[in-house]
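Asks:
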Amino acid sequence: MKVAIIDGDVSYPTTSGKRLRTFHLMVRVAQRHQVTYVGRCAPDSEEARTAPAVLRQHGIEPILVHHPVPQKAGIAFYARLAANTFSALPYSVRSHHSEPMRQALRDLAARNTPDVWQFEWAPYMDLLDDDIAGARLVVAHNVDTLIWQRYYETARGALKRTFLKQQWRKFERFEQSAFRRADRVVAVSEDDAQLIRERFGQPAVDVVDNGIDRAYFEQAPRMPRDPRRILFLGALDWRPNLDAVDLLLETIFPRVRSQAAEARLLIVGRNPPPGLAQRIQATPGAELHANVADVRPFIAQCGVMAVPLRIGGGSRLKILEALACGLPVVSTKVGAEGLCLTPRTDYVEAEETEMADALLHAIRDPHGAQALAEHGRQIVLATYDWDVLARKLEASWERCVRAPLAV
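Heads up, the sequence shown is in this note's numbering, so the first residue is 1084 and it goes up one at a time.
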């Protein structure tokens, strides 16, 4: 098949869970199909410099559109937020509109119309003119309505809650329309698929889970784990992760340190805002490791991973990566939702008020924590392999091509 993958965040280098998923599935399906990748980035970015050559090595035609998304900073950003009050679209949807991207899709269709247009985020489907042929498939890395609902439910302050509730409701209306207009939707978990079917009225939903590169993590360095080292891993420019780090620094880690003074918190992730970097530096026992080239040494040396997420959707690649390397995990229910893992068998489930105690238990009983992690490792290696998941994605393409409007 001829497939165009449309992406608002160029998926190489693979510095986030979303990028990892898109890249690993794409390079595998490109072994059997003609894949064109249309991505959006800044002309002077690392993505613009490195992605084209890497994609061509895998037989993928790259089309990078140099039209960056407006920055979320400065007076202009707050002016756009204020103006969005009068828009029917959520701010993030509105800010991703791009006429250069629209023209790139027109040009591709005129030259070599794909059988399937795969959109890595629902708003980019609006950039494809209605009269262009080809089935439309949307990958729902998250259900944004659920994320914004959780932003609202955990927020403080009347003004902030008012804004977040407005964005939540806008996303609900937008996703209901977008998912229904797609010929098919791919969700990353059965929980999200059920939500899309029941809440948004789109029955044509397939599940292609997030996964891991088994060979890559089997090459992780072998070293003694330090049970006193707690790892947080995740993109530090994503609001749910920032909320989780805030919980760690404000309440969870200080409680751990009060009973285990030798405990260390390693926060590993890309693009930390300056305020966060300063706050981590000022927190006794906490360390920031930003924009690292390889997360495996950090996974190998730590004794437990903390995932105190209150906000989120989809499923967490970081948990899969940790367990693939045998690192024990303590996670909230939200953090581990969407994964085929069992609390108390594969990982420890602990909510915000319980997490400090759960982490202390892992520090004091590393052998018990390791036993859970080993069971979880076997489940992850058997279930979440990119090669298997790529075949599932291809099956969704085939359903689109056979009967785009059928359920």
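By construction, the Cβ of each residue, glycine as well, lies at the ideal position given by its N, Cα and C atoms.
(1) Please look up how many angstroms separate the CB atoms of S1479 and V1269, rounded, as I've assumed it's under 8 angstroms.
(2) For a test of the three-state rule: what should DSSP assign to M1306, helix, strand or coil?
(3) What residues match up with H1149 in a beta bridge as DSSP calls it?
(4) So, with DSSP's three-state summary, where would you put Y1467?
(5) Rounded to a whole number of angstroms, what is the C-alpha to C-alpha distance between R1233 and R1308?
(6) So, at 6 angstroms on beta carbons, what are the nonlocal neighbours of V1431 in its own chain, with the 5 sequence-adjacent residues on each side left out?
(7) Apart from the five residues just before and just after Q1364, which ones in its own chain have a Cβ nearer than 8 angstroms to its Cβ?
(8) Specify, as a first and last residue, the run of the alpha helix (DSSP H) that D1326 falls within.
(9) Does DSSP put K1248 in a helix, in a strand, or in coil?
(10) Quick one: measure Cβ to Cβ for V1339 and L1443, integer angstroms, because I've assumed they're closer than 8 angstroms.
(11) What would DSSP say about T1097, mapped onto helix, strand or coil?
(12) Under 9 angstroms, do V1112 and L1476 count as touching if we go by C-beta distance?
(13) Answer yes or no: do G1284 and R1312 have a C-beta to C-beta separation smaller than 9 angstroms?
(14) DSSP three-state label for F1202, please.
(15) So A1223 and V1271 are supposed to be a Cβ contact under 8 angstroms. How far apart are they, rounded?
(16) Just tell me which of R1399, C1408, L1403, K1416 has its CA closest to the CA of C1385.
(17) Going by DSSP in three states, A1489 sits in which element: helix, strand or coil?
(18) Please work out which residues of its chain come closer than 6 angstroms, Cβ to Cβ, to F1300, disregarding the five sequence neighbours upstream and downstream, and give them in chain order.
(19) Starting from the N-terminal side, write out each stretch of the alpha helix (DSSP H) that is 4 residues or longer and does not extend beyond the region 1311 to 1398.
(20) Among residues of its own chain, excluding the 5 on either side of L1496, which ones have a beta-carbon nearer than 7 angstroms to its beta-carbon?
(21) Got a sec, what are the start and stop residues for the beta strand (DSSP E) R1267 sits in?
(22) Consult DSSP for T1119 and reduce its assignment to one of helix, strand or coil.
(23) Around the C-beta of A1287, are 16 or more other C-beta atoms found within 10 angstroms, so that it is buried, or is it exposed?
(24) Please return the same chain residues whose Cβ sits closer than 6 angstroms to the Cβ of T1228, not counting the five positions on each side in sequence.
(25) Along the beta strand (DSSP E) that carries R1219, what are the first and last residues, could you check?
(26) Using the rule of at least 16 other Cβ atoms within 10 Å of the residue's Cβ for burial, across every protein chain shown, is S1170 buried or exposed?
(27) Find out if the Cβ-Cβ distance for the pair R1379, P1310 is shorter than 9 angstroms.
(28) When burial is assigned at 16 or more other CB atoms within 10 Å of the CB, is Y1161 buried or exposed?
(29) Going by alpha carbons, who is nearest to T1425 out of I1402, A1343, T1436?
(30) To which residues of the same chain is E1435 closer than 8 angstroms at the C-beta, ignoring the five residues directly before and after it?
(31) By the 10 Å Cβ neighbour count, where 16 or more other Cβ atoms means buried, how is G1451 classified, buried or exposed?
(32) Cutting at 6 angstroms between CB atoms, please list the residues of its own chain near V1490, excluding the five before and the five after it.
(33) Taking one C-beta from the region 1203 to 1212 and one from the region 1091 to 1105 each time, how about it: are there three or more such pairs within less than 8 angstroms?
(34) Leaving aside the five residues before and after A1514 along the sequence, list all residues of the same chain whose C-beta is less than 8 angstroms from its C-beta, in chain order.
(35) Take the Cβ of R1115 as the centre, count every other Cβ of all protein chains shown within 10 Å, and call the residue buried at 16 or more, exposed below.
(36) For V1118, which residues of its own chain have a beta-carbon under 6 angstroms away from its beta-carbon, when the five flanking residues on both sides are left out?
Replies: In short:
(1) 5 angstroms
(2) coil
(3) C1124
(4) coil
(5) 35 angstroms
(6) V1413, A1441
(7) L1371
(8) 1322 to 1330
(9) helix
(10) 6 angstroms
(11) coil
(12) yes
(13) no
(14) strand
(15) 7 angstroms
(16) C1408
(17) No answer about A1489 holds up, because its pLDDT of 43 lies below 50 and its placement is not dependable.
(18) A1407, C1408
(19) 1322 to 1330, 1336 to 1342, 1357 to 1364, 1379 to 1384
(20) Here the chain comprises residues numbered 1084 to 1490, so residue 1496 is not present and cannot be evaluated.
(21) 1267 to 1270
(22) strand
(23) buried
(24) F1254, E1255, E1258
(25) 1218 to 1223
(26) exposed
(27) no
(28) exposed
(29) I1402
(30) L1330, T1334, I1335, P1391, R1393, T1415
(31) exposed
(32) For V1490, the predicted model reports a pLDDT of 40, less than 50, meaning its position is unreliable; a value from the coordinates is still stated below. Closer than 6 angstroms at Cβ, skipping near neighbours: P1286, A1287.
(33) yes
(34) No answer is possible for residue 1514: the residues shown for the chain start at 1084 and end at 1490.
(35) exposed
(36) V1086, I1143
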